[in-house]
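Asks: In our numbering, the protein residues as written are 181 to 1183. C-beta: ideal position from N, C-alpha, C; glycine also. For clarity, every value in this text was computed on a predicted model and none was experimentally measured.
1. I believe residue 916 touches residue 1181 by the beta-carbon criterion, under 8 Å. Please report the beta-carbon distance rounded to the nearest angstrom.
2. For residue 1084 and residue 1050, I'd like the C-alpha separation in whole angstroms.
3. By Cβ distance below 6 Å, which residues in the same chain neighbour residue 273 in space, the five residues on each side in sequence not counted?
4. Could you tell me the distance, in whole angstroms, from the CA atom of residue 829 to the CA atom of residue 907?
5. Compare the Cα-Cα distances from residue 624 to each of 602, 731, 912, 525 and report the closest residue.
6. With C-beta atoms as the reference, is residue 889 less than 8 Å away from residue 914?
7. Between which two residues does the beta strand (DSSP E) harbouring residue 452 extend?
8. Put residue 508 into one of helix, strand or coil per three-state DSSP.
9. Which whole-angstrom value is the C-beta distance of residue 919 and residue 903, which I expect to be below 8 Å?
10. Under DSSP, the alpha helix (DSSP H) around residue 535 begins and ends at which residues?
11. Curious, which full-length alpha helix (DSSP H) runs of at least 4 residues does the region 417-485 contain?
12. Using the C-alpha atoms, what's the distance from residue 1174 back to residue 253?
13. For residue 598, which of helix, strand or coil comes out of DSSP?
14. Less than 8 Å between the C-beta atoms of residue 445 and residue 456, yes or no?
15. Please state the DSSP three-state secondary structure of residue 340.
16. Express the C-alpha separation of residue 837 and residue 1010 in angstroms, rounding to a whole number.
17. Return yes when the Cβ of residue 452 is within less than 8 Å of the Cβ of residue 516, no when it is not.
18. Can you look up residue 138 in the DSSP assignment and give me helix, strand or coil?
19. Going by DSSP, what residue range makes up the beta strand (DSSP E) through residue 394?
20. Just curious, the beta strand (DSSP E) that residue 529 is in, first and last residue?
21. Over what stretch of residues does the alpha helix (DSSP H) that includes residue 353 continue unbroken?
22. Taking only runs that begin and end inside the region 214-284, name each unbroken alpha helix (DSSP H) of 4 or more residues, in chain order.
23. For residue 732, is the classification buried or exposed, using 16 other Cβ atoms within 10 angstroms of its Cβ as the cut-off for buried?
24. Among all the DSSP beta bridges, which residues are the ones paired with residue 621?
25. Looking at the structure shown, is residue 639 part of a helix, part of a strand, or coil, going by DSSP?
26. Label residue 911 either buried or exposed according to how many other C-beta atoms from any shown protein chain fall within 10 Å of its C-beta, with 16 as the threshold for buried.
27. Using 8 Å as the Cβ pair cut-off and three pairs as the minimum, do the region 570-583 and the region 598-615 touch?
28. Indicate whether residue 257 and residue 275 have their beta-carbon atoms separated by less than 8 Å.
29. Quick one: give me the first and last residue of the beta strand (DSSP E) that residue 889 is part of.
30. Can you check which of these residues, 681, 277, 825, 358, is closest to residue 341 by C-alpha distance?
31. Among 458, 420, 465, which one has its Cα closest to the Cα of residue 472?
32. Would you mind stating whether residue 1080 and residue 1128 have Cβ atoms separated by less than 8 Å?
33. Would you decide whether residue 704 is buried or exposed? Buried here means 16 or more other CB atoms lie within 10 Å of its CB.
34. Whole angstroms are fine: how far does the CA of residue 1110 sit from the CA of residue 1054?
35. Taking one C-beta from the region 592-602 and one from the region 612-624 each time, how about it: are there three or more such pairs within less than 8 Å?
36. My assumption, with CB atoms under 8 Å, is that residue 1155 sits in contact with residue 866. Please give the rounded CB distance.
Put into structure tokens, the structure is as follows:
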């Protein structure tokens, strides 16, 4: 025997090699669940009994748990295989139970001795199966027994016994707990019925039920729970037989007479049970007819003990199988003839509302296969009669399907016509769950009850302890059992009342105007004359109101004319004065239009309860201070005003209009385009801080680098291509473009909503007129249409005489109006007042928000003059997913039909050619994402996108930098799972500034 020196650091392969003397190259090991598989191979197949002898002696001296990781569950059995190298299948296989090593050794020694004597007989000790040991109720043996099936699925098993105290004052009982652990999350429907069948097959005594707990390795919380009813099959059969179920009675009598080799068949006619006794096995027809006295001696006590409900008598026959006439007959009166309570059939009891009878009939209806019910426990039914509703809960190891049970139960309850029941509510759940997976409701009669009520709590029984539906206090206001009929009835009544009230109010108002009378008070005048008078009165009132409004607006514009230059001061003046909107000066130097609407100002050093986005500060801010660039003055109000006054028509995307207006204002102020232009979607808008990037570049020897962020929410490659090639003039382009985005902006399989909106805008058409070459581009929807100039000519030719008269009347009235000439001024004043009102409403509402509020509202209010959106919100998964749904990658529309080929790829190729022709360096940055966002589906798409980018990186003017996996767990750097906040933008800007692969411009 080889000497084995177990060492905590040894691997299983080294240990097997030392124990058997086989080279480590000839040993392969695999752990699956609670099973250890060892493959031994060599140039010649290792000898079976010699290898097993060495290995078993080593197992006696070694604790395998020492050689495995602490996370690995205990090993229950070892499978040893032997084969010759190069062969596909092993020549021999032997299973070793680690709790019976001594018996295995004895068997192996006997085999070795037999081999030495050249005998083919192999004896030894009898190996007891795990099933036999598990029937004794030992938890470790039960775990080994279950692992024989579950280990093949990679699921390890442990079993424990825990006492629990029933809530109905019964004595303390034991409950069997089965803990399943795996590296993945197996579906409950995959394991539920196999585990239930194996546990019930053991016929364990002393356990009322078992709880199965499934948990993924490394997780702290269980994935799912399952309750298995361990009620013995005999008890289930007797319970149904008591209610007069013929199939259950026949099964019980067959088991009683099985020792006599007698088979039993039963049928029910009216209230008499007919029992036929035949030979259990008689293929030749020579078996004797069952003895009458023996059969009656076995059957009569059973029927009297069962006392089947609704069955008054039994007739027993003895005959051979296939005979038309019985050999003997006997008649028996059952307890129902003596006790009237047993005489009523279950169906009649159910019609009176007897809940136990209804429960039996429903369980029999839902469990037509008796064998399946005995194997798994079947579908259990709980009833609760509350007010005029009958609540029915159905649970099973696998949650019953709604279509499977709801229609059957509804039809059955309708047939019963239970008094006092006007509706039913049906629920389905998996045994072990507290809340139902689905619910279904139907009213049998019209119900006037409109007050919502919660799902009731079902009464606890010894079989359903701690397995109840939640109490009413934890339910939402609207109950799930509210039917469509109730909702329609309620809406109809409310609508009818509202219409009647509104009609009466309108009638009173019209009568008070003296222009209308009731139908029975009609005057004798001609109806046409009366209608003409009414039209003249209302026409006169409308004309007077129009004149009055025109006069008031004229006075207002005359009084506000001196204040207009102040508003215009935000624009660059021809005198060369530069109103630096990006400088951080005192509030007194700013134009009055952009001053705070608050009457009081906080000191500069006083910490505000609002962050940069005017959301309340996160609770984590005080706990962990992160580095970030100082917050700058907001520019959204300026951007809105500049966009409104711009001569360029809108692109149907508000943020594009505003970012373009800020960019044009920057060009007018500096006279030159910025050195670096950041562009992309919202991930660029929030993810790269121009101020910090410029500051970090200065420390790297690139001083005075001007940076602007042109990020646009929802921007794709097509949008970026359109902005760079057709919106901006060549003289407005930077020296280097920093494109910050990710895979979803290049998905050619999904609908590009942002670009579609832009393509339908007037701004797009003007860009088409300015750049006719866009007509040849695949992105232009005007490919097949005529030019705008031709359209204008055609429209002028189609002007009718009515339009000409209308235009002349408009010109005549405009000359008399006091406000028409100043309509642009009135429009500006209205916009100003709306902006002030909207700002006040936003501040008032945001004071009540927390850091968990979504960023979308902030994204339209907090852009600074560099185009950057600084968000201080920190991503907290626990809070975030309370208000937002967790959307997996396969349901994310941004990744729908994901493919990098198509229209987005074509747009990127256009950008590459354009930047190369303009000698502009193009740097693409794959922005960081959280581990919460990168689920397996998105991770697969990200890998596909990265391979696509690496292929493009061979272009001379294109540089690809990947930061997607930079901070997957640093939630403080993110505002949501896929967007950075200003702290993350600060870190990204610093990292980009220090990147030696990016050719920053030198001034």
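Replies: So, from the listed chains and residues:
1. For the purposes of this step, residue 916 is taken as the residue at position 736 of the chain shown. For the purposes of this step, residue 1181 is taken as the residue at position 1001 of the chain shown. Indeed they touch by this definition, with Cβ atoms about 6 Å apart.
2. For the purposes of this step, residue 1084 is taken as residue 904 along the chain shown, with counting starting at 1. For the purposes of this step, residue 1050 is taken as residue 870 along the chain shown, with counting starting at 1. Between residue 1084 and residue 1050, the alpha-carbon positions lie close to 28 Å from each other.
3. Sequence index remark: in the chain shown, residue 273 carries index 93 (1-based). So the qualifying residues of the chain are 261.
4. As a first step, residue 829 is located in the chain shown; it is residue number 649 there, counting from the start. As a first step, residue 907 is located in the chain shown; it is residue number 727 there, counting from the start. The C-alpha of residue 829 lies about 12 Å from the C-alpha of residue 907.
5. What you label residue 624 is simply residue 444 of the chain shown in a count that begins at 1. Of the listed residues, the one whose Cα sits closest to residue 624 is 602.
6. Residue mapping note: residue 889 aligns to position 709 of the chain shown, counting from 1. Residue mapping note: residue 914 aligns to position 734 of the chain shown, counting from 1. Going by C-beta atoms, residue 889 is not nearer than 8 Å to residue 914.
7. The residue given as residue 452 occupies position 272 in the chain shown. For residue 452, the enclosing beta strand (DSSP E) covers residues 452-459.
8. For this step, residue 508 is matched to residue 328 along the chain shown. Here residue 508 sits in strand by DSSP.
9. The residue given as residue 919 occupies position 739 in the chain shown. The residue given as residue 903 occupies position 723 in the chain shown. Taking C-beta atoms under 8 Å as the contact rule, residue 919 and residue 903 fail to qualify, at a distance of about 11 Å.
10. Position 355 of the chain shown, counted from the first residue, corresponds to residue 535. 535-546 is the span of the alpha helix (DSSP H), which, as asked, contains residue 535.
11. If only complete runs of 4 or more residues are kept, the region 417-485 shows the alpha helix (DSSP H) at 426-437, in order along the chain.
12. For the purposes of this step, residue 253 is taken as residue 73 along the chain shown, with counting starting at 1. For the purposes of this step, residue 1174 is taken as residue 994 along the chain shown, with counting starting at 1. Computed Cα separation, rounded: 48 Å.
13. Sequence index remark: in the chain shown, residue 598 carries index 418 (1-based). Correct three-state label for residue 598: coil.
14. By 1-based counting over the chain shown, the position of residue 445 is 265. By 1-based counting over the chain shown, the position of residue 456 is 276. Against a cut-off of 8 Å, the Cβ pair of residue 456 and residue 445 comes out as a contact.
15. As a first step, residue 340 is located in the chain shown; it is residue number 160 there, counting from the start. Reduced to three states, the DSSP call for residue 340 is strand.
16. Against the chain shown, residue 1010 aligns to sequence position 830. Against the chain shown, residue 837 aligns to sequence position 657. In this model, residue 1010 and residue 837 are separated by some 20 Å (Cα to Cα).
17. Within the chain shown, residue 516 is the residue found at index 336, counting from 1. Within the chain shown, residue 452 is the residue found at index 272, counting from 1. Between residue 516 and residue 452, the gap from beta carbon to beta carbon reaches 8 Å or more.
18. Residue 138 is absent from the model: the chain starts at 181 and stops at 1183.
19. Sequence index remark: in the chain shown, residue 394 carries index 214 (1-based). First-last of the beta strand (DSSP E) with residue 394: 387-396.
20. Counting from 1 along the chain shown, the entry for residue 529 is found at position 349. From DSSP, residue 529 is part of no beta strand (DSSP E) but of the alpha helix (DSSP H) over 526-531.
21. By one-based count along the chain shown, residue 353 stands at place 173. Counting along the chain, no alpha helix (DSSP H) covers residue 353; the unbroken beta strand (DSSP E) around it starts and ends at 353-362.
22. Fully enclosed alpha helix (DSSP H) runs of 4 or longer: 228-241, 244-247.
23. Sequence index remark: in the chain shown, residue 732 carries index 552 (1-based). A residue is called buried when at least 16 other Cβ atoms come within 10 angstroms of its Cβ; residue 732 does not meet this threshold and is exposed.
24. What you label residue 621 is simply residue 441 of the chain shown in a count that begins at 1. Residue 621 is bridged to 605.
25. Start at 1 with the first residue of the chain shown, and residue 639 comes out as number 459. Only weak support is given to the placement of residue 639: the predicted model assigns it a pLDDT of 40, under 50, and the question is left unresolved by the model.
26. The residue given as residue 911 occupies position 731 in the chain shown. With fewer than 16 Cβ atoms within 10 Å of its Cβ, residue 911 is classed as exposed.
27. These segments touch.
28. By one-based count along the chain shown, residue 257 stands at place 77. By one-based count along the chain shown, residue 275 stands at place 95. In this structure, the beta-carbon distance from residue 257 to residue 275 falls below 8 Å.
29. Counting from one through the chain shown, the residue named residue 889 turns up at place 709. Per DSSP, the unbroken beta strand (DSSP E) holding residue 889 starts and ends at 887-891.
30. Working through the chain shown from its first residue, we reach residue 341 at position 161. Scanning 681, 277, 825, 358 for the CA closest to the CA of residue 341 turns up 358.
31. In the chain shown, residue 472 corresponds to position 292, counting from 1. Considering only alpha carbons, the answer is 458.
32. Position 900 of the chain shown, counting from 1, holds the residue named residue 1080. Position 948 of the chain shown, counting from 1, holds the residue named residue 1128. Judged by their CB atoms, residue 1080 and residue 1128 are nearer to each other than the 8 Å cut-off.
33. In the chain shown, the residue the question calls residue 704 occupies position 524. In this prediction, residue 704 scores a pLDDT of 45, lower than 50, which makes its location untrustworthy; the coordinate-derived value is nonetheless stated afterwards. Per the 10 Å Cβ criterion, exposed.
34. Your numbering for residue 1054 matches position 874 in the chain shown. Your numbering for residue 1110 matches position 930 in the chain shown. One Cα belongs to residue 1054, the other to residue 1110, and the distance between them is close to 12 Å.
35. As far as the Cβ criterion goes, the region 592-602 touches the region 612-624, which means the pair count is three or higher.
36. Start at 1 with the first residue of the chain shown, and residue 1155 comes out as number 975. Start at 1 with the first residue of the chain shown, and residue 866 comes out as number 686. Sure, about 7 Å apart at Cβ, within 8 Å.
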